[in-house]
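All residue numbers for the sequence shown refer to the numbering used here, where the first residue is 25 and numbers rise by one.
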Amino acid sequence: MAKGDFTKMVHINKSEGDNMELRSYNYLWETNEYFLEKMSEGYLIIHKKNNTVLLIEDDGLYDKIIEQMIKAKCEIRD
Numbered sequence: 025m026a027k028g029d030f031t032k033m034v035h036i037n038k039s040e041g042d043n044m045e046l047r048s049y050n051y052l053w054e055t056n057e058y059f060l061e062k063m064s065e066g067y068l069i070i071h072k073k074n075n076t077v078l079l080i081e082d083d084g085l086y087d088k089i090i091e092q093m094i095k096a097k098c099e100i101r102d
């Protein structure tokens, strides 16, 4: 997959992130359906089968999710 070649983007804005607990995102690191793609400044969270990108505007929530995915040894692609 070429960088930027995504079929769909799922967007979570800050107000939604504030109201959701981290554990509601555990499917990202427990199902083996998502991977991290390393970018120049951070990571993209991408669904393996349909190339959907999960965009999280809440920086704090994003940091926690990325940290959990790395701890769980999710696949990281360059």
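Even for Gly, the Cβ is constructed at its ideal location relative to N, Cα and C.
Let's test the definition: count the other Cβ atoms within 10 Å of the Cβ of residue i and tell me whether it reaches 16, buried, or not, exposed.
i: MET93; result: buried
i: ILE89; result: buried
i: LEU85; result: buried
i: MET25; result: Residue confidence is low: MET25 scores 47 on pLDDT, short of 50, so the model does not pin down where it sits. Its coordinate-derived value is still stated next. By the neighbour-count rule (16 or more Cβ atoms within 10 Å), MET25 is not buried but exposed.
i: ILE80; result: buried
Please check the pair residue i and residue j, which I expect to be a contact at CB under 8 Å, by giving their CB distance rounded to whole angstroms.
i: ILE69; j: TYR58; result: 6 Å
i: LEU78; j: TYR67; result: With 8 Å as the limit, LEU78 and TYR67 do not qualify as a contact, their Cβ atoms being about 10 Å apart.
i: LYS72; j: ASP102; result: Not really, about 16 Å apart at Cβ, beyond 8 Å.
Could you work out which residue in the options is closest to residue i when comparing CA atoms only?
i: GLU65; options: HIS71, ASP87, LYS97; result: ASP87
i: LYS95; options: ASP82, TYR49, TRP53, ILE80; result: TRP53
i: LEU46; options: ASP83, ILE100, ASN75; result: ASP83
Are there any heavy atoms of the ligand ZN lying less than 8 Å away from the beta-carbon of residue i, as far as the coordinates show?
i: TYR51; result: For the structure depicted, the ligand ZN is absent and the ligand set is empty, with no information on it obtainable.
Which one or two residues does DSSP pair with residue i in a beta bridge?
i: ILE94; result: Per DSSP, none; premise fails for ILE94.
**Asked** Along the chain, which unbroken stretches of the alpha helix (DSSP H) at least 4 residues long are found entirely within the segment 35 to 92?
**Response** Within the segment 35 to 92, the complete alpha helix (DSSP H) runs of at least 4 residues fall at 38 to 42, 51 to 54.
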